[in-house]
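Notes for the one structure printed next.
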Amino acid sequence: MRAVMVMFDSLNRRFLEPYGCDFTKTPNFRRLAEHTACFDNFYVGSLPCMPARRDLQTGRYSFLHRSWGPMEPFDNSMPRLLKENGIFTRLVSDHDHYWEDGGATYHTMYSSWECIRGQEADLWANESCEPDIPEHVPTMREFTHPDWWKTNWANRKRYRQEKAWPQNLVFDQGLEFLEKNHNQDNWFLQIETFDPHEPFDVPEEFADLYPDDYTGPHFDWPSYAPVTESEEQVMHMRRRYASLLAMCDRNLGRVLDMMDRHDMWKDTMLIVNTDHGFMLGEKDWWAKSVMPCYNELANTPFFLWDPRSCVKDVHRQALCQTIDIPATLLDYFGVERPAEMRGCSMKEVVASDQPVRHWALFGFHGSFVNITDGRYLYMRAAANVGNSPLYEYTLMPTHQQGLFSPAELSKAEMHEPLAFTKGARIMRIPVPSRLANATFCNSFQYGNLLFDLESDPQQLHPLNDPALEAQMIQALLNEMKANDAPPEQYIRLGLDPDGSYDAQRVLDDRRNAVTFDSFPVTAKYQWEPDARNIFVGMLSLMGDDRVDEYLSAFEQVMEQAGTGVVTRAEFEQLAHRFYSDNPGKVFYFLNKLARIR
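Our numbering applies: residue 47 is where the sequence shown begins, and numbers increase by one.
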C-alpha cells in the first residue's frame, strides 16, 4: 500500500476548472478530476495554516480550544501512527510555518522530512543591505510586518537569481522520492507547497498566460482587509493569483505523469487538497481571517483516488472535512483509528457517495463558530463586545512566532483532563481582552449570519428565518458538545448549552442582544451610515477593559467637533489616539470597519 498527498495552501476552488471556472487555465486539475472523485461539499475544520494542519494530523477540530500552536503531547498524529505501524512517511515542504515556534512539532512526526527555504517571510536570505523593492501599492504586510516585507524581497532576489523557485524544488524532491520508491511498498509521501499562498510571485512564463495591461505600482500581496483598490487592481491581483495557480498546475501535472509512467494508479492512493481558501475580491474582501468565514475560505477543493474502488471522473456530494483525511489514510493502511479522532474514513464516499456526517463544524479560534449541513450554513457570532471569555488550552504555550510571555503564563491554571488529552491535565490560559480580537475579527460586529447555499451560493443575502435559525442553533449545540467545547465558548457565543431553541427563543435573544442602539451615547447624535459601522467595529476592537475609555474619548471628540452629526472624520482622530504607534493601521482599521454591513 502506498499513498501520495499533494497539498497546496490557500487554494480557492472557484478558480479551478473542475469546479466550473472558465477564467483560469488548469489542464492538470481537469486531468486530476478525470482520475479521481471530486468532492463538492468538502469543508475545512480549523483555520488558518497550522490549526488546519493539526486537524489534518489529529482528525479532530482544534479551533474550539486552541489558536495557532504546535502539536501537543497527547495528540494523535496520523503520520506518526503510520510510522509506528511500519509505514515510512515523508514530508517535503516549503511551508515555512513548520519551522516556526508555533509549528515546530509537526514535521518531526514523519519518518523523514525535507525543508525547502525561501517562501514569504522565511528568515533565509536576509541581506546586510536593503533589498531592491519597487514602487508598490501599500499592503497590510508592509505596515504591520515591515520585517516580513523586507525579508520576502530578499528571498525573491535570491531564488530569482538562482532560478530555483521553492515550489519547483518541493516537487523535484517529491518526484525524486517517487522515482526511487515506486516499486517499494508501505510508504506515505506528503508533497506540500506554500503556493498559491500570497505573495503571488511567479516566473514570467506563467504571468504571460494572463496578459495584463495594468500599469500601476507593484501589487501581488493583498491586505487582509476589505477591497479599497480599483477594479483594475482587483483584476490584476486575480491574474497574479491565476498565474501562480498555473505554476501549481504544471507541477501537479508532473505528479500525474509519474503516476502514469509507473502505473501507480493500480495500488497508490492519491489525495490533492488544501488547508483553506483565499478571498480575491469576492464580497469586496481580500485574503482571510478578518471577515466571516465565507465558503471561499471554508468550502475547499478536494480530490481522492482510492485504488480499492477505482472510482474516477465523478463528483461526490457527501459532506466531508479535513478531519476525515487522517481517518481515511489510517483505514487505507489498515491502522486502527484512535478513539479521540472525530474524523471518518471516506472510503465509502468515494465508492458510492455514502454520507459519513450530517454536520460540519469549522472556524477560527475566538471568532465565529460555523456549522453547515451542506445546504444551510449558520455563523454564530460573539454575543458581547469583548468577545469573552476566551482561553487557550495547551501544554505547548507558543504563538505563531514566539513563546507565551510570563505575563500571559502568570494567569495560567492547570485544568482537569479533557476528553481527548488522555488523562493529562492541561494549561488553561486566558486570552486578554485586548488580544481576543488580535485577528481584527471580533465576530460581534457582524452578528449571527444564516445562508441558504442552494438559493444563494455566493452568500450575498443572509436569511431572516428564526425557525430555521433555531434548528441550526440546536445542531450547533449538539456538535459543540460532541467535540468537547469548553464551557466558556457557550458564554462567549451567548448560547444556553442546556436549553431548547425555537423561533420564539431566537426572537427573544435578538431583542436582548447588544447592538448599536444599546449604548446611550448613540441616541445623542445623527449618524452617517459608515460612522455607525465604524463605531461598532472599533468598539469591538477595544476589549472589555477599554470600552469605557473608548466611549469617553468619543464624547470628547464630538464635543470638540461641535456638531451633532457623526462622520468618519471623528473616528480618524480616535484611531490615531488608540493606535498612535502605527499610523498605517489607522487606515487599515477605518477601511475595514467602514465596510461592515
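Note that CB positions come from ideal geometry on N, CA and C, so glycine has one too.
Note down the Cα distance separating residue i from residue j, rounded to an integer number of angstroms.
{"i": "K358", "j": "E80", "result": "6 Å"}
{"i": "G220", "j": "R300", "result": "10 Å"}
{"i": "Y492", "j": "E278", "result": "28 Å"}
{"i": "D511", "j": "D555", "result": "14 Å"}
{"i": "L291", "j": "L455", "result": "42 Å"}
{"i": "A373", "j": "D121", "result": "14 Å"}
{"i": "D168", "j": "Q572", "result": "49 Å"}
{"i": "N214", "j": "L597", "result": "53 Å"}
{"i": "P272", "j": "S335", "result": "11 Å"}
{"i": "L298", "j": "M305", "result": "11 Å"}
{"i": "Y152", "j": "S113", "result": "15 Å"}
{"i": "P212", "j": "V52", "result": "15 Å"}
{"i": "M155", "j": "L449", "result": "21 Å"}
{"i": "A621", "j": "V632", "result": "5 Å"}
{"i": "E601", "j": "C67", "result": "50 Å"}
{"i": "F562", "j": "V582", "result": "6 Å"}
{"i": "Q367", "j": "G389", "result": "8 Å"}
{"i": "D627", "j": "V477", "result": "22 Å"}
{"i": "P401", "j": "F85", "result": "12 Å"}
{"i": "M604", "j": "G610", "result": "8 Å"}
{"i": "H182", "j": "W195", "result": "11 Å"}
{"i": "R557", "j": "R538", "result": "18 Å"}
{"i": "E238", "j": "F54", "result": "6 Å"}
Give the secondary structure of residue i by DSSP, where H, G and I count as helix, E and B as strand, and everything else as coil.
{"i": "W211", "result": "coil"}
{"i": "E601", "result": "helix"}
{"i": "D419", "result": "coil"}
{"i": "S92", "result": "strand"}
{"i": "T314", "result": "strand"}
{"i": "G540", "result": "coil"}
{"i": "R578", "result": "helix"}
{"i": "P435", "result": "coil"}
{"i": "Q550", "result": "helix"}
{"i": "A397", "result": "helix"}
{"i": "T197", "result": "helix"}
{"i": "T440", "result": "strand"}
{"i": "P125", "result": "helix"}
{"i": "H12", "result": "Nothing can be reported for residue 12, as the shown portion of the chain is limited to 47 through 643."}
{"i": "I237", "result": "strand"}
{"i": "P478", "result": "coil"}
{"i": "F252", "result": "helix"}
{"i": "R426", "result": "strand"}
{"i": "M337", "result": "coil"}
{"i": "R403", "result": "coil"}
{"i": "R556", "result": "helix"}
Residue i and residue j look like a contact to me (Cβ under 8 Å); what is the Cβ gap, rounded to whole Å?
{"i": "V248", "j": "S289", "result": "5 Å"}
{"i": "E534", "j": "P435", "result": "4 Å"}
{"i": "N529", "j": "L407", "result": "6 Å"}
{"i": "D548", "j": "A599", "result": "At roughly 42 Å, the Cβ-Cβ gap does not stay under 8 Å, so D548 and A599 are not in contact."}
{"i": "Y89", "j": "T418", "result": "7 Å"}
{"i": "F414", "j": "R426", "result": "6 Å"}
{"i": "V396", "j": "S355", "result": "6 Å"}
{"i": "C339", "j": "L93", "result": "7 Å"}
{"i": "G148", "j": "H445", "result": "6 Å"}
Verify whether the separation of the beta carbon atoms of residue i and residue j is less than 8 Å.
{"i": "W405", "j": "A521", "result": "yes"}
{"i": "F466", "j": "E386", "result": "yes"}
{"i": "I475", "j": "E500", "result": "no"}
{"i": "R48", "j": "D303", "result": "no"}
{"i": "Y625", "j": "F635", "result": "yes"}
{"i": "S56", "j": "H243", "result": "yes"}
{"i": "M315", "j": "L343", "result": "no"}
{"i": "C487", "j": "M392", "result": "no"}
{"i": "N87", "j": "Q363", "result": "yes"}
{"i": "G412", "j": "D590", "result": "no"}
{"i": "L514", "j": "E118", "result": "no"}
{"i": "S564", "j": "F490", "result": "no"}
{"i": "S139", "j": "V216", "result": "yes"}
{"i": "F252", "j": "D266", "result": "no"}
{"i": "G74", "j": "D295", "result": "The identity of residue 74 in the sequence shown is Asn, whereas the question assumes Gly. Yes; because the gap between Cβ atoms is below 8 Å, this pair is in contact."}
{"i": "G164", "j": "R204", "result": "yes"}
{"i": "L102", "j": "F379", "result": "no"}
{"i": "A569", "j": "L350", "result": "no"}
{"i": "I133", "j": "F234", "result": "yes"}
Check whether chain D comes within 8 Å of residue i, counting only Cβ atoms and requiring the distance to be less than that.
{"i": "S501", "result": "You won't find chain D in this structure, because it holds only one protein chain."}
Of all the beta strand (DSSP E) runs that stay within the bounds of the segment 127-191, which reach a length of 3 or more residues?
134-139 and 158-161
Runs of 3 residues minimum, wholly inside the segment 49-114: which ones carry the beta strand (DSSP E) assignment?
If you keep only unbroken beta strand (DSSP E) runs of at least 3 residues inside the segment 49-114, you get 83-85.
Could you tell me which whole beta strand (DSSP E) segments of length 3 or greater appear in the segment 265-320?
314-320
What residue ranges within the segment 478-538 form continuous beta strand (DSSP E) runs of no fewer than 3 residues, ordered along the chain?
495-498
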